[in-house]
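**Student:** Pasting in a structure now, in C-alpha cells, and then I'll have a few things to ask.
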Amino acid sequence: MMTIQEKEEFFCIPHKDNELLDFRAIFGNDNPVYMEIGCGKGELIATKSLVEWDRNFLGIEVKGDRIRIILHKLDASRHANVRLMRLYVDDSVINIIPRHSIRKIFIIHPDPWPKRKHHKNRIIQDSFLDTLNQILRLRGEIEIATDHQEYVMWIVEHFARRKDFVALYEKGYTTLPRAGHIVTYYEEFKRKEGYPPYFMRFRKTDHLPLTAHTPQGDEDDRPETTAGNLSAESSGNR
Ligand SMILES: C[S@@+](CC[C@H](N)C(=O)[O-])C[C@H]1O[C@@H](n2cnc3c(N)ncnc32)[C@H](O)[C@@H]1O
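Under this note's numbering, the final residue of the sequence shown carries the number 314; numbering is consecutive throughout.
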C-alpha cells in the first residue's frame, strides 16, 4: 500500500509556469486526455478513470487539502491513467495545456458566485470559453453541472452566442443524468438541500472562437467507452 507521500509523487504533476505538459511522457501513451477543472474531493475522476481505463484523466484543483482527499481515493495500480495538479485555472492555463490536446473537459459544480457583483469571478466567461476552445480537440466536449438555476442560464447563454460550440441538449441543459452518472460530493450535498443538478454538454465545432484565431486541431472520433443515451435525454421536468 502506498503512503500519501508516494501517492503525491506518483499522481501530482508539479506546475511550472509557461511549460507545456507533455501528455505522452506523463501517461506513457497517446490515449485521449480528459480534464476536470475543480475536481473537489475527486469522486468523478477516481471513478470515471476506472470505467474509462483507455482515457487519461488530468484533475485540477486549487485547494491542497482537497488534493490530499483525492489521493486517498487513488491507487497507482488501478488509477495509472490519473494525474492531479494543484492550480487555479484561468486563461493562463493555455500556457501549460497544449493546444488541441484535450478530448473532454468536466466542470462539475463550479463555484456559482451568486451575487451580481461577484459574477466576474465565475469561471464561465467569454474569454475562458475562448481558452477552452484552444485546448480542446475538434469535436471535443465540455460537460458542466450546476444546481444554481441562474448560473445555468448564464452558462447556456454564454455558449448560445458562440458558433465554436454547439449545445448537445435541446434547451442547452437537462435534468436527466447520463448513463453511468457519478454523483459528486457537492451534488449530494446540494440535493439534500433541495437543489438537484442541471447538466450541460457542449461540443467544439470547426468555427473559430470569438477572439482567438488559430488553426483547428485534428479530431478524435473514437467512440466513448461509456456512451450516453442522448435519445433518452430531454430537457427535463422543470
Ligand atoms: C463547489 S466545489 C465542487 C467540487 C466537485 N467538482 C464536486 O462536484 O463535488 C468547486 C471546486 O472547484 C475548485 N475551484 C474553484 N475555482 C477553481 C479554479 N479556477 N481552478 C481550480 N479549482 C477551482 C474549488 O476549490 C472547489 O473544490
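Even for Gly, the Cβ is constructed at its ideal location relative to N, Cα and C.
Run through DSSP, which three-state label would Gln-292 get?
**Tutor:** Because the pLDDT at Gln-292 is just 45, under 50, the model does not fix this residue reliably, and the value given afterwards should be weighed accordingly. In this structure, Gln-292 counts as coil in the three-state DSSP scheme.
**Student:** Please return the same chain residues whose Cβ sits closer than 6 Å to the Cβ of His-289, not counting the five positions on each side in sequence.
**Tutor:** At His-289 the pLDDT is 44, less than 50, meaning the model places this residue with poor confidence; the figure from the coordinates comes in the next sentence. When the five nearest sequence neighbours on each side are left out, no beta carbon in the same chain lies closer than 6 Å to the beta carbon of His-289.
**Student:** Between Gly-114 and Pro-174, is the Cβ-Cβ spacing less than 8 Å?
**Tutor:** Their beta carbons are not under 8 Å apart, which means Gly-114 does not touch Pro-174 by this criterion.
**Student:** How far does the beta strand (DSSP E) with Ile-170 in it reach, from first residue to last?
**Tutor:** Note, Ile-170: premise wrong, no beta strand (DSSP E); not H, not E.
**Student:** Taking 7 Å as the cut-off, is the C-beta of Val-242 nearer than that to any heavy atom in ligand 1?
**Tutor:** no
**Student:** Does DSSP classify Lys-92 as helix, strand or coil?
**Tutor:** coil
**Student:** Tell me the start and end of each unbroken beta strand (DSSP E) in the segment 146-196 that is at least 3 residues and wholly inside, in chain order.
**Tutor:** 158-162, 178-184
**Student:** Among Pro-272, Glu-112, Ile-102, which one has its Cα closest to the Cα of Ile-211?
**Tutor:** Glu-112
**Student:** Count the other CB atoms, across all protein chains shown, that sit within 10 Å of the CB of Ala-221; report buried if there are 16 or more and exposed otherwise.
**Tutor:** Around the C-beta of Ala-221, 16 or more other C-beta atoms lie within 10 Å, and the residue is accordingly described as buried.
**Student:** Between Phe-87 and the rest of its own chain, which residues show a CB-CB distance below 7 Å, the 5 nearest in sequence each way excluded?
**Tutor:** Leu-147, Leu-150, Val-158, Arg-159, Leu-160
**Student:** Any idea what DSSP makes of Asn-105, helix, strand or coil?
**Tutor:** Note: Asn-105 maps to coil in three-state DSSP.
**Student:** Between the Cα of Leu-134 and the Cα atoms of Pro-90, Gly-270, Gln-201, Asn-197, which residue gives the shortest distance?
**Tutor:** Taking only the C-alpha atoms, the option nearest Leu-134 is Pro-90.
**Student:** For Met-77, count neighbouring Cβ atoms within 10 angstroms of its own Cβ and tell me buried if that reaches 16, exposed if not.
**Tutor:** exposed
**Student:** Does Lys-83 come out as helix, strand or coil in the three-state DSSP assignment?
**Tutor:** helix
**Student:** Determine, using beta-carbon pairs with one atom in the segment 116-130 and one in the segment 196-208, whether at least three such pairs fall under 8 Å.
**Tutor:** no
**Student:** State yes or no: is the C-beta of Tyr-110 nearer than 7 Å to some heavy atom of ligand 1?
**Tutor:** no
**Student:** For a test of your reading of the model: does the CB of Pro-186 fall under 7 Å from any non-hydrogen atom of ligand 2? Yes or no.
**Tutor:** Within the structure as shown, ligand 2 is missing, the only ligands being ligand 1.
**Student:** In the DSSP assignment, find the unbroken beta strand (DSSP E) run with Thr-222 in it and report its ends.
**Tutor:** 212-222
**Student:** Roughly how many angstroms separate the alpha carbons of Phe-278 and Glu-84, rounded to a whole number?
**Tutor:** 33 Å
**Student:** Mapping DSSP to helix, strand and coil, what is Lys-280?
**Tutor:** Lys-280: strand per DSSP, three-state reduction.
**Student:** Can you name the start and end residues of the alpha helix (DSSP H) that Val-127 belongs to?
**Tutor:** 119-127
**Student:** Is there contact here, the segment 259-268 with the segment 229-237, by at least three beta-carbon pairs under 8 Å?
**Tutor:** no
**Student:** Rounded to the nearest angstrom, what separates Asn-132 and Lys-191 at their Cα positions?
**Tutor:** 36 Å
**Student:** With DSSP collapsed to three states, give me the class of Val-228.
**Tutor:** helix
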